[in-house]
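Trainee: Would you mind keeping the following structure in view while I ask a few things?
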Amino acid sequence: MKWNILALFTVLLTVVTCEIDYYGVLGVSKQASEKEIKSAYRNLSKKYHPDKNPGNEEAHQKFIEIGEAYEVLSDDEKRGVYDRYGADGLKNGGQGGRGGGGGGGFDPFGDFFGFGRHQQQQQRNQKPRGSDTEVAVDVSLKDFYLGETFQFTVEMQNLCGTCSGTGSKDNKTHTCSTCNGSGVRIVKRQLAPGMFQQIQTTCDQCHGKGKTIQHKCSTCNGQGVVRGKRQYDIFVEPGTSRDHVHVLSGESNHSPDHVSGDLKILVRESGKESYGYRRRGDNLYRTEALTLKEAVAGGWRRELMFFDDENITLSRPSGKSVMSGEIEVIKGKGMPRPDHHAEEFGDLVIDYVVVMPGGVSNKAKYLRDEL
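In this note's numbering, each residue carries its 1-based index in the sequence shown increased by 1.
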């Protein structure tokens, strides 16, 4: 009798939960740097992305785990809690798996006798956050100056409209008969005569969802998602910085299995409609080539096309010379400053280059082509 009681406690204490190893998921060590974690995440997310593995549920689940691991390990605070208490510590607000006051750690007695299913159901219903999606929009320097609304189309993963994301032809889902809706199943293994170990694993029938479908939707083949085009409008404010990122919250790939990440739009300068101007911060720069006669004798006038349709006038009276490399600053004709309440602008900087007789240097040819 005494031996039987001891054996029972041994069985209970050897019951373990296969808690996800975030470091193992990303294939990095616990001492990995932020750069190493980010690099591993990028490589793995590309490898297991649903677009590259259509219909592969195992790859889809792996993709979700990769995103979950990166969300924790890329955040110093979450990573610290995870290192000390594991994934249970994150669910309990950093209290650890054995903290008091109703902590969510693994309870071998409750889970062994089936008392932990309600908690498993709650945890399963907490959807992980999906990854962000990045796209780029090319904007001319003129549009950066004036401001413009841009309409663009991007192909994304969307919830299936036919089955409303359920994957079911009749829009109905059913409790998984293998795991009774818990999303997990218990595998029993004998360690020694009279001693057993029970391991909790993801249910392979419902893939951890706790629900199954009897008739697959023909539109999405039971996946609940389809690829499709979405159209968006974004306003680029006058003076918006080059490589600015617009964020559309929750507009990344949609899925019934996770909370959608963000759609990030990178605003790049295209090089079109620059009119020979170059941007550096809030200032505009332009190189103006003069003949030797113009530089020495003066008496010239030029009208330069500008973004606001008000031409820029450059001139020198007769007898007024210009040195090669001379700089002229025109105040208030640079880029708008969007961070200021009043209308403020940077400056326009003109750099004069004198073209000598007998040929045009390579640099002068480049400058002439630019103009």
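Ideal Cβ placement from N, Cα and C applies to all residues, glycine included. Being a predicted model, the structure only gives us computed values, none of them experimental.
(1) Run through the DSSP bridge pairs and tell me what Phe236 is partnered with.
(2) Compare the beta carbon distance of Gly223 and Thr176 with 8 Å and say whether it is the shorter of the two.
(3) Please classify Met336: is it buried, with 16 or more other beta-carbons within 10 angstroms of its beta-carbon, or exposed?
(4) Classify Glu252: buried if its beta carbon has 16 or more other beta carbons within 10 angstroms, exposed otherwise.
(5) For Tyr23, name the three-state secondary structure that DSSP assigns.
(6) Counting only the same chain and skipping the five closest in sequence on each side, list residues whose C-beta sits under 6 Å from that of Lys63.
(7) Determine the extent of the alpha helix (DSSP H) in which Glu35 is found, giving its start and end residues.
(8) Return the chain-ordered list of same chain residues with a C-beta closer than 7 Å to the C-beta of Arg186, the five sequence neighbours on each side being excluded.
(9) Return the first residue and the last residue of the alpha helix (DSSP H) that His61 is part of.
(10) On the three-pair Cβ rule with 8 Å, is the stretch 232-245 touching the stretch 140-148?
(11) Since Ala137 sits in a beta bridge, which residues does DSSP pair it with?
(12) Just to confirm before moving on: does the CB-CB distance between Glu156 and Lys53 stay below 8 Å?
(13) Taking the beta carbon of Val350 as the centre, do at least 16 other beta carbons fall within 10 Å, making it buried, or is it exposed?
(14) Check whether the stretch 211-221 touches the stretch 255-275, taking contact to mean three or more Cβ pairs, one atom from each stretch, closer than 8 Å.
(15) Could you tell me the boundaries of the beta strand (DSSP E) in which Glu289 lies?
(16) Quick one, which of Glu295, Lys265 and Pro239 has its alpha-carbon nearest Asp309's?
(17) If distances are taken between C-alpha atoms only, which option among Ser322, Ser275, Arg130 and Asp171 comes closest to Thr292?
(18) By how many angstroms is the C-alpha of Gly148 removed from the C-alpha of Gly98?
(19) Do you know how far the Cα of Arg85 is from the Cα of Ser132?
(20) Using DSSP with H/G/I as helix, E/B as strand and the rest coil, what is Glu78?
(21) Using the beta-carbon count (16 or more within 10 Å), is Ser319 buried or exposed?
(22) Does DSSP put Glu295 in a helix, a strand or coil?
Mentor: Taking the structure as given:
(1) DSSP lists Thr150 as partners of Phe236.
(2) Taking C-beta atoms as the reference points, Gly223 and Thr176 fail to come closer than 8 Å.
(3) Around the beta carbon of Met336, 16 or more other beta carbons lie within 10 angstroms, which makes this residue buried.
(4) With 16 or more Cβ atoms within 10 Å of its Cβ, Glu252 is classed as buried.
(5) For Tyr23, the secondary structure class from DSSP, reduced to helix, strand or coil, is helix.
(6) Here the set comprises Tyr49.
(7) Unbroken alpha helix (DSSP H) run through Glu35: Glu35 to Lys48.
(8) So the list reads Thr179, Cys180, Thr202 and Cys204, once near-sequence residues are dropped.
(9) Segment Glu58 to Leu74, the alpha helix (DSSP H) holding His61.
(10) At 8 Å Cβ cutoff, the stretches touch.
(11) BP columns for Ala137 point to Leu267.
(12) Taking 8 Å as the Cβ cut-off, Glu156 and Lys53 do not qualify as a contacting pair.
(13) Val350 is classed as buried because its beta carbon has at least 16 other beta carbons within 10 Å across all chains shown.
(14) The stretch 211-221 vs the stretch 255-275: no contact.
(15) Asn284 to Thr292 is the extent of the beta strand (DSSP E) around Glu289.
(16) Among Glu295, Lys265 and Pro239, the Cα nearest to that of Asp309 belongs to Pro239.
(17) Among Ser322, Ser275, Arg130 and Asp171, the Cα nearest to that of Thr292 is on Ser322.
(18) With a pLDDT of 42 at Gly98, under the threshold of 50, the predicted position of this residue should be treated as unreliable, though the coordinate-derived value follows. Taking the Cα positions, Gly98 is about 53 Å away from Gly148.
(19) Cα to Cα, the separation comes out at about 26 Å.
(20) Correct three-state label for Glu78: helix.
(21) Ser319 comes out exposed.
(22) Assigned with DSSP and collapsed to three states, Glu295 falls in helix.
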